[in-house]
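K.L.:
Residue numbers (my numbering): 1 to 247.
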């Protein structure tokens, strides 16, 4: 699959999924597994966690996960449902996507499922079914992978973040929001040069907890930008108040 960013084609391969999200590779493709047998009651038991007859939404699953005190099979299924709907695919009607659960039985070895291939498969399917500029067509994931892929591959003047993998450890939601706001204000979303090859985090000997020089530069840039906006706001406020008083 190719992603075209202003004439810069980037081939998307399965290895990019763990590079972006940090999830393990290998195992059996989810949709190649057998679906649960009809006599498997685990799904009915799982649904009993929620209000009878209600539409199961992500917020309900989050509440159950937070309140649970035991890492039992229902906890694993809750986590996988949250993972699938956040990082893989969801429905366009506000309901949780339950289809992947049909492959997860009590006897299934969850560690032996290749979620990277599944995410890539979701990307291809959702891209092919998405109709651009249509009010009735929605791109329902995997947006997290695409956002991180864009942040990793396309250089930004807004932030100086070293290209390291997994990208999700170095591009926080705060950084993503700031970059998005900056590029929209500058009218440059989708533009920029390709980044150089990533730096292997193990070679650097640091972690996402430590503050690198690039992060310090980034924080300084953000502070300068915020101070500039704050000063502009104060100036405009004083001018407005002065005009009102002496009008």
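We treat Cβ as the ideally placed atom computed from N, Cα and C, and that holds for glycine.
#1: For residue 88, which residues of its own chain have a beta-carbon under 7 Å away from its beta-carbon, when the five flanking residues on both sides are left out?
#2: Locate the alpha helix (DSSP H) running through residue 18, then write down its first and last residues.
#3: Quick check on DSSP: helix, strand or coil for residue 183?
#4: Evaluate the contact criterion for the segment 81-100 versus the segment 45-59: three or more CB pairs, one atom per stretch, below 8 Å.
#5: By how many angstroms is the C-alpha of residue 44 removed from the C-alpha of residue 53?
#6: Leaving out five residues on either side along the sequence, give the residues of the same chain with a beta carbon under 7 Å from the beta carbon of residue 153.
#7: Is residue 135 closer than 8 Å to residue 27 when the C-beta atoms are compared?
#8: Just to confirm my understanding: we take residue 34, look at its own chain, exclude 5 residues before and 5 after, and list those with CB closer than 8 Å. What are they?
#9: Please confirm whether residue 163 and residue 25 have their CB atoms less than 8 Å apart.
#10: Can you grab the Cα-Cα spacing for the pair residue 149 / residue 51, in whole Å?
#11: Can the beta-carbon of residue 165 be found closer than 8 Å to that of residue 19?
#12: Name, in chain order, the residues that DSSP records as bridge partners for residue 28.
#13: Please go through the same chain and pick out, in chain order, the residues whose beta-carbon is closer than 7 Å to the beta-carbon of residue 256, but skip the five residues on each side of it.
#14: Going by the beta-carbon positions, is the gap between residue 168 and residue 21 smaller than 8 Å?
#15: DSSP on residue 104, reduced to helix/strand/coil?
#16: Distance check for residue 101 and residue 77, CA to CA, integer angstroms please.
#17: Give me, in chain order, the residues of the same chain whose beta-carbon lies closer than 7 Å to that of residue 171; leave out the 5 immediate sequence neighbours on both sides.
#18: For residue 158, which residues of its own chain have a beta-carbon under 7 Å away from its beta-carbon, when the five flanking residues on both sides are left out?
#19: From the DSSP output, which residues share a beta bridge with residue 194?
#20: Give every residue of the same chain whose Cβ lies closer than 6 Å to the Cβ of residue 68, excluding the five residues on either side of it in the sequence, and list them in chain order.
#21: Verify whether the separation of the beta carbon atoms of residue 40 and residue 105 is less than 8 Å.
#22: Where residue 95 and residue 65 are concerned, what is the direct C-alpha to C-alpha distance, given to the nearest angstrom?
#23: Should residue 23 and residue 12 be called a contact, given that it needs their Cβ atoms to be closer than 8 Å?
#24: Taking 7 Å as the cut-off, is the C-beta of residue 72 nearer than that to any heavy atom in the ligand MN?
#25: Can you name the start and end residues of the alpha helix (DSSP H) that residue 97 belongs to?
P.N.:
With the structure as the only source:
#1: 118, 119, 122, 141, 142
#2: 16-21
#3: helix
#4: yes
#5: 12 Å
#6: 10, 194, 195
#7: no
#8: 103
#9: no
#10: 38 Å
#11: yes
#12: 113
#13: In the structure displayed, the chain extends from 1 to 247; residue 256 sits before or after that span and is not available.
#14: yes
#15: coil
#16: 7 Å
#17: 148, 151, 161
#18: 178, 179, 182, 183
#19: 154
#20: 75
#21: yes
#22: 17 Å
#23: no
#24: No copy of the ligand MN appears in this structure; indeed no ligand is present at all.
#25: Where residue 97 is concerned, there is no enclosing alpha helix (DSSP H), given that its DSSP letter is neither H nor E.
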